[in-house]
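In UniProt numbering, the protein residues as written are 1 to 204.
Listed below in structure tokens is the structure:
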């Protein structure tokens with residue numbers, strides 16, 4: 001069944017929102033994972049160092065899932081949306097515990113914790129996780145309305161196979177002219193050769 005123009009437009013719009021949100025959250029997450037999450041004077045601790053590379057891994061998973069979503073059909077996209085949503089929750093929880101927490105025993109022993117040295121990067125990383133979570137939920141709920149990857153090629157194939165005989169107007173014109181549109185045009189009879197022309201018997 002052909003979808004209405006309004007439904008097709010809504011599907012393309014939700015696809016742009018979902019994939020755009022996933023791409024934005026993953027790219028910003030990759031950037032924020034490499035900037036300082038704690039800083040005081042010359043002391044700097046990046047997101048990767050602070051989380052043991054968990055921040056960059058979660059953002060990379062979302063980036064890979066975004067690319068994969070471009071190739072999948074609706075069922076595959078809805079399945080993919082579940083791990084992407086979990087990755088978004090992981091990004092959210094990875095950024096939030098940094099804010100306002102106290103030092104661990106290891107940080108106290110190594111002297112790698114600075115009181116009040118948190119930057120805005122953990123907050124921004126948590127917001128990226130929230131964006132990824134919202135985009136993944138949108139894909140889970142609306143992926144069935146998105147255009148399929150093969151739709152464009154199907155339309156090209158159908159257009160190539162469509163001929164003038166498929167036009168109802170052409171069919172009616174052929175019927176009015178006394179032709180049967182379901183039968184191919186008969187081949188023209190071969191032209192009579194010189195020996196086939198009627199004439200008086202030739203005697204040797």
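Note that beta-carbon positions come from the ideal geometry of N, C-alpha and C, so glycine has one too.
How is residue 42 classed by DSSP in three states: helix, strand or coil?
DSSP places residue 42 in coil when its eight states are reduced to three.
Delimiting residues of the alpha helix (DSSP H) encompassing residue 49
Where residue 49 is concerned, the enclosing alpha helix (DSSP H) stretches over 47-51.
Assuming residue 84 is part of the alpha helix (DSSP H), what are its boundary residues?
First-last of the alpha helix (DSSP H) with residue 84: 74-95.
Flag this pair as yes or no: are the beta carbons of residue 136 and residue 63 separated by less than 9 Å?
With a cutoff of 9 Å on beta-carbon distance, residue 136 and residue 63 are scored as not near each other.
Does DSSP put residue 36 in a helix, a strand or coil?
Correct three-state label for residue 36: strand.
Counting along the chain, where does the alpha helix (DSSP H) carrying residue 59 start and finish?
Per DSSP, the continuous alpha helix (DSSP H) segment holding residue 59 begins and ends at 54-69.
Minimum C-alpha distance to residue 25 - residue among 15, 53 and 61:
When each option's Cα is compared against that of residue 25, the closest is 61.
Beta-carbon spacing of residue 92, residue 129 below 9 Å
For residue 92 and residue 129, yes; Cβs fall inside 9 Å.
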